[in-house]
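For what it's worth, this note's numbering labels the leading residue of the sequence shown as -13, then goes sequentially.
Idealized CB from N, CA, C, for every residue including glycine.
Source: prediction; values computed, not measured.
Below: the structure, in structure tokens.
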Amino acid sequence: MKKILLIGLVLCLSIPLSSQAQKNSRSYFTSGTEFIFSFASIDNNGDDQGNVMRFSGWLHLQGTYNYDFSKSFGLMTGIALRNVGFIYNNQELGVKKKYRNYNIGIPIGLKLGSMGKAHIFAGYEIEFPTNYKEKTFNNERKDDKFNVWFTKRTPAFYNTVFVGVAFKYGLSLKFKYYLTNFFNQDYSEVNQDGVTVYPYENIDVRIFYFSLNINLFRDVHFSYTKEEMLHKF
């Protein structure tokens, strides 16, 4: 139920509903999705090996409010739901771990270039983890899997920075880096022997990814004036 409500909330926020945006082509909403190719810089108690690229095409939703001050400069903000994680593979032990979060992100950024054609963008995004999942494989067999809502295994939020280039008709390429460790190193739990352990205290993981972004809708209308076409996407 929590997941359904969360997805519904982001969907509502992602669908452009502003009539004011229709009247002013400088101010408009876009919504879309992205395909993420993620990597991680891993320090596991001094061992920096084992990262495997992770592809994620589901579930990513993003709604963006844009304001173009001119044909060459603008601002953007919005809200997003994003599936982000990494894969750790210890070949010597035959153990593979998969971790992921569903994060709610709030970006703020600048756009420079031609707003009607190609332009670059960059900014900061804060992300709040909501649902955490962890899988364990031993010798290619899945031994354990669990997911938790609003767990203390992860920080309360992540600080991230991003940069990218946008093309005509809503396509863009983006690079994002997470300044915050994926795990909460202070997280503790009691094991089967009744001993308090800190499973992530010696693990530092900084995720970074490349993504292909696709804007699917702008506002709620599908015909544009010549002036609007200059600022489209």
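With three or more CB-CB distances shorter than 8 Å, the stretch 61 to 71 counts as touching the stretch 82 to 90.
When secondary structure is reduced to three states using DSSP, Lys103 falls in the coil class, being assigned neither helix nor strand.
Per DSSP, Asn167 lies in no beta strand (DSSP E) and is assigned neither H nor E. Segment contact: the stretch 45 to 52 against the stretch 71 to 83, fewer than three CB-CB distances shorter than 8 Å; contact not assigned. When Ile189, Leu198, Leu202 are compared, the shortest CA-CA separation from Tyr74 is found for Ile189. With respect to the C-alpha of Ser197, the residue from Thr16, Glu20, Ser13, Tyr14 having the closest C-alpha is Glu20.
For Lys138, the three-state secondary structure derived from DSSP is coil. Excluding its 5 nearest sequence neighbours in each direction, Arg40 has C-beta neighbours in its own chain below 7 Å: Ser24, Gly71, Phe72, Ile73, listed in chain order.
Taking the Cα of Tyr173 as reference, the smallest distance to any Cα among Asn30, Asn145, Pro185, Gly180 is reached at Pro185. Beyond the five residues adjoining it in sequence on each side, Phe55 comes within less than 8 Å, by CB distance, of Arg12, Leu61 in the same chain, given in chain order.
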